[in-house]
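Novice: Quick one: this structure, given as C-alpha cells, is what I'll be asking you about.
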Amino acid sequence: RELVGLFKNQERTWRKKPTDVGIYDFPSDADGVAIPYGIYDVTRGDGFVVVGTSHNTPAFASNAIHTWWRVAGCRLHPTANELLILADSGSSNGTRSHQWKAGLQRIAA
Numbered sequence: 070r071e072l073v074g075l076f077k078n079q080e081r082t083w084r085k086k087p088t089d090v091g092i093y094d095f096p097s098d099a100d101g102v103a104i105p106y107g108i109y110d111v112t113r114g115d116g117f118v119v120v121g122t123s124h125n126t127p128a129f130a131s132n133a134i135h136t137w138w139r140v141a142g143c144r145l146h147p148t149a150n151e152l153l154i155l156a157d158s159g160s161s162n163g164t165r166s167h168q169w170k171a172g173l174q175r176i177a178a
C-alpha cells in the first residue's frame, strides 16, 4: 500500500519555480491509496504491474493475473497451454484462501 499525494521526495530535480510539498505522509493528507500487484514473466524477463485503489484481496490478485494474461500474456505466449504461477502465499494469495483458488479456477476456465 502506497499513499498517493504531493509528499516530499528526497531526489532533486531542476525547476524554474519550487513546488510545495508536504513533509509528512499522514494518511489524512493523502489523495488516496495505490495498491500495486506485480507479475514477472521469467521467460521474457518482463514485468507487468496492476495498480488498484481499494484493497489487496484474493479477488484483486487473481484479477491482476487475469488482466496480465488478457493484455500481454496471450500475445507474448500464443502457443501456451499451461501457466505456472509462483506466488508468495501472502495475504492476497494464501494457500488456504478459497477466494484465491476460485480466482485461479476462473483464469484456467
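Going from the sequence shown to my numbering is simple: count from 1 and add 69. Positions of the beta carbon are idealized from the N, C-alpha and C atoms, including for glycine.
Could you check the C-alpha separation between Asn132 and Arg84 for me, to the nearest Å?
Specialist: Going by the C-alpha atoms only, they are around 40 Å apart.
Novice: How would you call Leu173, buried or exposed, if buried means at least 16 neighbouring beta carbons within 10 angstroms?
Specialist: Counting Cβ neighbours within 10 Å, Leu173 comes out buried, since at least 16 surround it.
Novice: Quick check on DSSP: helix, strand or coil for Gly142?
Specialist: Three-state result, Gly142: helix.
Novice: Closest to Asp89 by C-alpha separation, out of Arg165, Ser166 and Phe76, would be which residue?
Specialist: The shortest Cα separation from Asp89 among Arg165, Ser166 and Phe76 belongs to Phe76.
Novice: When you compare the CB positions of Ile176 and Ile134, do they come within less than 9 Å of one another, or not?
Specialist: Yes. Within cutoff.
Novice: Whose C-beta lies closer than 8 Å to the C-beta of Val118 among residues of the same chain, with five residues either side of it excluded?
Specialist: Closer than 8 Å at Cβ, skipping near neighbours: Pro105, Tyr106, Gly107 and Ile108.
Novice: In whole angstroms, what separates the C-alpha of Lys170 from that of Ser160?
Specialist: The straight-line gap from Cα to Cα measures roughly 13 Å.
Novice: What are the boundary residues of the alpha helix (DSSP H) that Pro127 is part of?
Specialist: Pro127 to Trp137 is the extent of the alpha helix (DSSP H) around Pro127.
Novice: Could you check which residue in Val120, Thr112 and Thr122 has the C-alpha nearest to that of Ala149?
Specialist: When only C-alpha atoms are compared, the closest one is Thr112.
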